[in-house]
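Heads up, the thing below is written out as structure tokens.
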DNA sequence: TGACTTTTGTAACCTTTGTTACTGCCCACG
DNA sequence: CGTGGGCAGTAACAAAGGTTACAAAAGTCA
């Protein structure tokens, strides 16, 4: 664990902090598709990502979903931070997008470390900053873009995060994450295929050039 | 200034911090409609709101606007915080919604105070939390609600922030903030009037019951 | 193989939202 | 007092996206 920790967080954290993380943090692996956090659940630990990716989803009262953003290695979940400190319930759902390795830090260390370690403080602020920027980006997409543009952006984000130009998703799954209907996604994907930007197959989409 | 500061932040901040703020902070008044921050501008100070309200707007590359949320007394701007620490440019526009009193803190104090004062740290985290929650709320609105619901929510937020059930806005101004067209706003407002929820007048909307 | 399920393609239609165009109204100001 | 500019009402139309329905293709499994 300490090995992987250092690979990802070593220039960032001072040694004393790394040692503390090693002592207190709990190493965990989650498989693709596994749920890490559900809406309304109490938050007891915050994750530091070592590898893989986690998608963060929002849901409204009718059960309609929307993908907010992805977390990748070196990231942590600002929502979790936020909820920890406020002792409130989670506002989001977190699902592993890939097989993921992470270290869980119990929340009671949060307050202590933010006082004690400057590097931790910077990390936490940096995380908040990143997440705010990602939320802004999400808002830009849903407010200013039409569905075809949003879909394109979705495909781009997906291949970036999985590092694979073949996307293993059904149209229905994409529709959920963009909060639209399967028929609309199929329609727009077919357009993209006709433009030669993608190649459609059952359960997968090969991205050619977008 | 110290008077007003204490009224709003006294239970929150320890005395030593209040004294520092008094020494270093710059008291400022901005009139309704005045611009406090423009997109792309560098951030050199963060505001602590004493009274009034500030609206935070996002703009896309075509100049289309969207209202993100309001800041009120006791609030500070997490975007500013965020930008300060990262030394980056502002991603948002800030405009006074009402006549507003605030104290500007130079950003170089940020890092120092977050290390030194626990109460400041909590305040900053609390601010990030609030702003993240407001961003989530904004996302919910634009992703899950139809325009009529969004308009209703807009009117509710507006009367809450101004503490006045008469809204002094033109349909065009509302259209900008919701990122839609004037005709659509007029249409939906007329519906609300027919339902007896509001009374329309030139340059103002009287909210009766929503 | 054959029955069944899941996924995708597509047409037809509806609703919501955006656009254009024109009208009348109110108000400020010369 | 009249005229010009900003504001609001409305109709007619266009475009985007959502819904329903159905069929075909692909996979699954007994």
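Chains as they are written, first to last, in this note's numbering: chain A, 11 to 220; chain B, 11 to 220.
Beta carbons are placed, not taken as given, at the ideal position from N, Cα and C, and that holds for glycine.
Everything numeric in this text was worked out from a predicted model, so none of it was measured.
Exercise. Pull up the distance between the alpha-carbon of residue 106 (chain B) and that of residue 158 (chain B), whole angstroms please.
Key: Per the coordinates, the alpha-carbon of residue 106 (chain B) lies some 26 Å from the alpha-carbon of residue 158 (chain B).
Quiz prompt | chain A contact residues for residue 76 (chain B), given Cβ-Cβ distances below 9 Å | solution = For residue 76 (chain B), the neighbours in chain A by C-beta distance under 9 Å run, in chain order, 149, 150, 153, 154.
Quiz item: Which parts of the segment 153-184 of chain A are runs of the alpha helix (DSSP H), unbroken and 4 residues or longer, counting only runs that do not cross its ends?
Solution: Taking only runs of at least 4 residues, the alpha helix (DSSP H) segments lying wholly in the segment 153-184 of chain A are 157-172.
Quiz item: Based on the DSSP output, what are the partners of residue 67 (chain A) in its beta bridges?
Solution: BP columns for residue 67 (chain A) point to A:77, A:103.
Quiz item: Which residues in chain A sit within 7 Å of residue 88 (chain B), going by Cβ to Cβ distance?
Solution: Residues of chain A with a Cβ closer than 7 Å to the Cβ of residue 88 (chain B) are, in chain order, 142.
Quiz item: Applying a beta-carbon distance threshold of less than 9 Å, which residues of chain B neighbour residue 131 (chain A)?
Solution: The answer, in chain order, is 121, 124, 125, 131.
Self-check item: Straight-line Cα distance separating residue 38 (chain B) from residue 66 (chain B)
Solution: Taking the straight line from one Cα to the other gives about 18 Å.
Exercise. Let me know if residue 92 (chain A) comes out buried or exposed under the rule of 16 or more other beta-carbons within 10 Å of its beta-carbon.
Key: Looking at its Cβ environment, which holds 16 or more other Cβ atoms inside 10 Å, residue 92 (chain A) is buried.
Quiz prompt | For residue 113 (chain B), the first and last residue of its enclosing alpha helix (DSSP H) | solution = From DSSP, residue 113 (chain B) is part of no alpha helix (DSSP H) but of the beta strand (DSSP E) over 110-116.
Quiz prompt | Terminal residues of the beta strand (DSSP E) in which residue 61 (chain B) lies | solution = Looking at the DSSP string, the run of the beta strand (DSSP E) that includes residue 61 (chain B) is 55-61.
Quiz prompt | Residue burial classification, residue 35 (chain B) (beta-carbon count within 10 angstroms, cutoff 16) | solution = Its Cβ being crowded by 16 or more others within 10 Å, residue 35 (chain B) is buried.
Practice problem: Starting from the beta carbon of residue 170 (chain A), find every residue of chain B whose beta carbon is closer than 7 Å, and list them in chain order. | Solution: Near residue 170 (chain A) there are no residues of chain B at all, since even the closest Cβ is about 21 Å away, more than 7 Å.
Quiz item: What residue from A:104, A:87, A:43, A:61 has the CA that sits closest to residue 133 (chain A)'s CA?
Solution: Closest by C-alpha distance to residue 133 (chain A), out of A:104, A:87, A:43, A:61, is A:87.
Practice problem: Could you confirm whether any beta carbon from chain A is found closer than 8 Å to the beta carbon of residue 70 (chain B)? | Solution: Using a CB distance cut-off of 8 Å, residue 70 (chain B) counts as an interface residue toward chain A.
Practice problem: List the residues of chain B whose Cβ lies closer than 8 Å to the Cβ of residue 101 (chain A), in chain order. | Solution: Under the 8 Å cutoff, chain B gives 143, 146.
Quiz prompt | Contact list for the segment 185-216 of chain B against chain A, Cβ threshold 8 Å | solution = 189: these are the residues of the segment 185-216 of chain B whose beta carbon lies less than 8 Å from some beta carbon of chain A, given in chain order.
Quiz item: Within 10 angstroms of its Cβ, does residue 26 (chain B) collect 16 or more other Cβ (buried), or is it exposed?
Solution: If you draw a 10 Å sphere on the C-beta of residue 26 (chain B), you find fewer than 16 other C-beta atoms in it, and that means exposed.
Quiz item: From the DSSP output, which residues share a beta bridge with residue 209 (chain A)?
Solution: Residue pairing for residue 209 (chain A): DSSP places it in a beta bridge opposite A:216.
Quiz item: Using the beta-carbon of each residue, which ones in chain A are nearer than 8 Å to residue 128 (chain B)?
Solution: 125, listed in chain order.
Quiz item: With 16 other CB atoms within 10 Å as the buried threshold, where does residue 98 (chain B) fall?
Solution: So residue 98 (chain B) counts as exposed.
Self-check item: Integer-rounded CB distance, given that residue 28 (chain A) should sit under 8 Å from residue 113 (chain A)
Solution: The Cβ separation is near 11 Å, so there is no contact.
Practice problem: Please say whether residue 100 (chain A) and residue 83 (chain A) have beta carbons closer to each other than 8 Å? | Solution: Not a contact, by the Cβ cut-off of 8 Å.
Quiz item: Between residue 118 (chain A) and residue 127 (chain A), what straight-line distance do the alpha-carbon atoms span, to the nearest angstrom?
Solution: Straight through space, the alpha carbons of residue 127 (chain A) and residue 118 (chain A) are spaced by roughly 15 Å.
Quiz item: How is residue 38 (chain A) classed by DSSP in three states: helix, strand or coil?
Solution: Residue 38 (chain A) falls in the strand class under three-state DSSP.
Practice problem: For the beta strand (DSSP E) holding residue 46 (chain A), just list the boundary residues, first then last. | Solution: For residue 46 (chain A), the enclosing beta strand (DSSP E) has its first and last residue at 45-47.
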